[in-house]
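Residue numbers (mature numbering (1 follows the signal peptide of the UniProt record, and there is no 0)): -23 to -1, 1 to 127.
Glycine residues also receive a C-beta, built at the ideal position from the N, C-alpha and C atoms.
Structure first, then comments.
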Ligand code: HEC
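Next up, the structure:
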């Protein structure tokens, strides 16, 4: 009896740690919740650097680097939660009717984030500011086409 329970517990744990690429969301709503949660975290970790980019807060090289490290992890996560049948949330129908365009918007974002990472690693504040602006544009550009207006 005890071992059986242990196996069930293990299966439950494995379901919890399944990586996004093999995620099978039980319900469309689970996928929506997942990707919106990640977007919320991306918004937080991106937005908190804005005062630094605007020179309203001091540039702390290590803090910025750490934050961009987190952003890189988050940036890898949402896309697997836009599979077929997960229509809804604040995502427009174009996400599914124009998958190539949606993929291009992801690639553009990843490329700009890559440049931001290089600038932050180098501790180059001017390059950081420029790259920060470009990442912001890539977020906005995807939202303009694929996120519902409020
Ligand atoms: C390739 C497209 C794409 C990129 C790039 C992108 N987003 Fe989003 N974002 C979306 C879509 C689509 C939604 C609508 C949520 C959904 O899927 O239901 C969204 C929603 C959001 C939300 C609202 C979450 C909620 O609770 O509804 C925030 C905040 C957000 N994005 C922040 C960002 C930030 C910050 C960046 C850049 C650092 C970014 N996004 C980059 C597509 C994108």
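Notebook entry, point to check: What residue does the alpha helix (DSSP H) around residue 12 start on, and which one ends it?
Noted result: 5 to 24
Next item on the list: May I ask you to verify whether the stretch 19 to 26 touches the stretch 74 to 89, counting CB pairs closer than 8 Å and requiring at least 3?
Entry: Counting Cβ pairs under 8 Å, fewer than three are found: no touch.
Margin query: Helix, strand or coil, according to DSSP, for residue -3 in the structure here?
Written below: Note that residue -3 scores a pLDDT of 45, beneath 50, so its modelled location is shaky and nothing firm can be said.
Note to self: Following a CB-centred definition, is residue 94 positioned closer than 7 Å to any heavy atom of the ligand HEC?
What the structure shows: no
Item checked: Expected contact under 8 Å - CB spacing of residue 108 and residue 89 to nearest Å -> 7 Å
Item checked: Which listed residue (62, 126, 14 and 58) has its alpha carbon closest to that of residue 8 -> 58
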